[in-house]
Amino acid sequence: MSEIAPSPAPSPGPATRQKLSVFEPLEERIKELTSSQAELLGRIQNLKQEVQKWRSNVEAQSKTLKTELLDTKEALGSEVQNLKSDIKEISSAVQEEKASSNASFRNLEEVGYHTIYAMMLYCSSSTSVVQPKPAMICFCL
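Here the sequence shown is numbered in this note's numbering, starting from 8 and rising by one per residue.
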């Protein structure tokens with residue numbers, strides 16, 4: 008039998024070069040996309056860092072404001088207690104003054120009643136017309 012000699016490997020010819028030239032734009036596009044991907048990843052990292060800084064600032068401000076709010080709340084609570092105490096003192100002073108005034112008015116009423124009674128007795132015991140004396144008028148008023 009005759010032996011068939013293996014055919015030599017074809018050398019890259021114009022068809023292979025044409026195939027490679029078709030892939031060249033794809034390789035260019037892959038390089039562009041890879042570069043774009045790296046740029047986008049960099050942007051994302053920067054944005055993540057900015058968000059983290061912003062979050063830290065917000066948390067710090069929140070803590071500061073919370074502390075200030077608690078301090079203000081305590082100060083207002085203390086002020087309210089002082090005001091309540093002052094109101095109680097004023098109220099008790101007013102009650103004492105009222106009681107004192109009532110006692111004074113009762114005494115004046117008693118003096119007035121006694122004066123009127125004395126005048127009535129004086130007028131009834133005397134047969135002549137009595138001229139009222141200034142002192143008696145003052146007591147009656």
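Just so you know, even glycine gets a beta-carbon here, dropped at the ideal spot from N, CA and C.
Practice item. Please report how far the alpha carbon of D93 lies from the alpha carbon of S69, in whole angstroms. Key: Here residue 93 corresponds to residue number 86 of the sequence shown, with the count starting at 1. Here residue 69 corresponds to residue number 62 of the sequence shown, with the count starting at 1. Roughly 36 Å separates the two Cα atoms.
Exercise for review: Can you grab the Cα-Cα spacing for the pair M143 / E117, in whole Å?
Suggested key: For the purposes of this step, residue 143 is taken as the residue at position 136 of the sequence shown. For the purposes of this step, residue 117 is taken as the residue at position 110 of the sequence shown. Because M143 sits at a pLDDT of 47, beneath the cut-off of 50, its placement in the model cannot be relied upon, and the following sentence gives the value as read from the coordinates. Roughly 14 Å separates the two Cα atoms.
Check your understanding: What is the rounded straight-line gap between the Cα of L76 and the Cα of E39?
Key -> Start at 1 with the first residue of the sequence shown, and residue 76 comes out as number 69. Start at 1 with the first residue of the sequence shown, and residue 39 comes out as number 32. The straight-line gap from Cα to Cα measures roughly 54 Å.
Review point. Using the C-alpha atoms, what's the distance from T71 back to A98?
Key: To locate residue 98, count along the sequence shown from 1; it is residue 91. To locate residue 71, count along the sequence shown from 1; it is residue 64. At residue 98 the sequence reads Ser, which differs from the Ala that was named. Rounded to whole angstroms, S98 to T71 spans 40 Å at the Cα level.
Point to revise | Sequence-distant residues of the same chain with beta carbon closer than 7 Å to P141, five excluded per side | key: Indexing the sequence shown from 1 puts residue 141 at position 134. At P141 the pLDDT is 49, less than 50, meaning the model places this residue with poor confidence; the figure from the coordinates comes in the next sentence. Nothing meets the Cβ criterion.
Review point. For L128, is the classification buried or exposed, using 16 other Cβ atoms within 10 angstroms of its Cβ as the cut-off for buried?
Key: On the sequence shown, residue 128 is found 121 positions in, with the first residue counted as 1. The residue is exposed, with fewer than 16 neighbouring Cβ atoms inside 10 Å.
Exercise for review: Return helix, strand or coil for P141, following the three-state DSSP convention.
Suggested key: If you number the sequence shown from 1, residue 141 lands on position 134. Any reading at P141 needs caution, since the residue's pLDDT is 49, under 50, leaving its predicted position unreliable; the model's value is listed next. Of the three classes helix, strand and coil, the one that applies to P141 here is helix, per DSSP.
Point to revise | Nearest-angstrom Cα separation, counted from V101 out to M126 | key: By one-based count along the sequence shown, residue 126 stands at place 119. By one-based count along the sequence shown, residue 101 stands at place 94. Spanning the two alpha carbons is a distance of roughly 37 Å.
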